[in-house]
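**Q**
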Ligand code: SF4
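Pasting the structure below:
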């Protein structure tokens, strides 16, 4: 099996893609061991209860890790953390943000949820709860140090990372980020050449940002769709 939805098995496909030189290939080459099988890693993630049992600030609800690991997808969607609806359904981007993201990518739901096309690995795998104003809390800070490098190294065939929001951009671009999320996204051409495309979160909360930055739709999105189209089935 070459795909693993955290908590659920998905269909297999044969054939492994040849990786292009990118940050993930470099990471995999640096690893001393062979990539961890995605299905066993997904099973380990599905059983994680760190933020309930160990964390200093425990989750007030039962953790439900949501991610899609794939040994075939060439595109990684690096998001933030599941919202309440995703937590309830166990399906990533199964909400209005997902609808907008699919529109940005130029794909239908079936293409989006085909793990041969996209791996989906947020910065925090579980719904983090709400803050005092009713907004989603940021991704659990415990998650990435425990799981992220293992997940990335298990998918050395990834060619393009869509780094959605500042948390993912900080992890995937490191010192390459700019002073603000807007400036980081504005430098998208430079980052894309290195295999990482920074994007804002597709939440309705960013509708104003999209109006203020029309170049995102007129310049970045057409290039994003071209990059997606040549990497999906
Ligand atoms: S957020 Fe990550 S570290 Fe915390 S319980 Fe979920 S999978 Fe485990």
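In this note's numbering, the protein residues as written are 1 to 233. Every residue, glycine too, gets a C-beta built ideally from N, C-alpha and C. On a predicted model such as this, the values are computed, not experimentally measured, just so you know.
1) Counting only the same chain and skipping the five closest in sequence on each side, list residues whose C-beta sits under 6 angstroms from that of residue 201.
2) When every heavy atom of ligand 1 is checked, does at least one fall within less than 6 angstroms of the C-beta of residue 238?
3) If you draw a straight line from the alpha carbon of residue 180 to that of residue 91, how long is it in whole angstroms?
4) According to DSSP, residue 155 sits in a beta bridge with which residue or residues?
5) Tell me the rounded alpha-carbon separation between residue 140 and residue 194.
6) Enumerate, from N- to C-terminal direction, the unbroken alpha helix (DSSP H) stretches of 4 or more residues contained entirely within the stretch 67-124.
7) With a threshold of 6 angstroms, establish whether the CB of residue 167 neighbours any heavy atom of ligand 1.
8) How many Å lie between residue 56 and residue 226 at the Cα?
9) How about residue 240 and residue 67: are their beta carbons less than 7 angstroms apart?
10) Take residue 71 as the anchor and find which of 127, 113, 136 and 155 has the nearest alpha-carbon.
11) Which same chain residues, not among the five before or five after residue 220, have their C-beta less than 6 angstroms away from its C-beta?
12) Hey, which unbroken runs of the beta strand (DSSP E) at 3 residues or more fall wholly within the stretch 132-214?
13) Ignore the nearest five residues each way along the sequence and tell me which others in residue 228's own chain have a CB closer than 7 angstroms to its CB.
14) Less than 7 angstroms between the C-beta atoms of residue 80 and residue 172, yes or no?
15) Could you tell me which residues DSSP puts in a beta bridge with residue 4?
16) Just the C-alpha distance for residue 65 and residue 132, rounded to the nearest angstrom, thanks.
17) Considering just the uninterrupted stretch of the alpha helix (DSSP H) at residue 222, what are its terminal residues?
18) Can you tell me which of 60, 119 and 206 puts its alpha carbon nearest to the alpha carbon of residue 130?
19) Does the distance from the C-beta atom of residue 4 to that of residue 69 stay below 7 angstroms?
20) Pull up the distance between the alpha-carbon of residue 29 and that of residue 157, whole angstroms please.
21) Indicate, with yes or no, if ligand 1 has a heavy atom lying under 6 angstroms from the CB of residue 61.
22) Taking the straight line between their C-alpha atoms, what separation do you get for residue 223 and residue 174?
**A** So, from the data block:
1) Result list for residue 201: 164 and 165, in chain order.
2) Because the chain spans 1 through 233 in this model, residue 238 falls outside it and cannot be assessed.
3) Going from the Cα of residue 180 to the Cα of residue 91 covers about 30 angstroms.
4) Answer is none; residue 155 lacks a bridge partner.
5) Going by the C-alpha atoms only, they are around 27 angstroms apart.
6) 84-89, 96-105 and 109-112, all fully within the stretch 67-124.
7) Remark: the C-beta of residue 167 is outside contact range of ligand 1, defined as less than 6 angstroms to any heavy atom.
8) Rounded to the nearest angstrom, the two C-alpha atoms are 44 angstroms apart.
9) Only positions 1 to 233 of the chain appear in this structure, which leaves residue 240 out of reach.
10) Measuring from the Cα of residue 71, the nearest candidate turns out to be 155.
11) Excluding the 5 residues flanking it on each side, residue 220 has same chain C-beta neighbours closer than 6 angstroms at 188, in chain order.
12) The qualifying runs are 160-164 and 196-199.
13) Contacts found: 75, 105, 106 and 107.
14) Residue 172 sits away from residue 80, with the two beta carbons spaced by 7 angstroms or more.
15) Partner(s): 69.
16) Each residue's Cα considered, the two are about 23 angstroms apart.
17) Looking at the DSSP string, the run of the alpha helix (DSSP H) that includes residue 222 is 221-229.
18) The shortest C-alpha separation from residue 130 is found at 60.
19) A distance below 7 angstroms separates the beta carbons of residue 4 and residue 69.
20) Low confidence applies here, because residue 29 scores a pLDDT of 49, under 50, leaving its location unreliable; read the following figure in that light. A direct Cα-Cα distance of roughly 12 angstroms separates residue 29 from residue 157.
21) Taking non-hydrogen atoms of ligand 1 into account, the C-beta of residue 61 is found less than 6 angstroms away from none of them.
22) One C-alpha to the other measures close to 23 angstroms.
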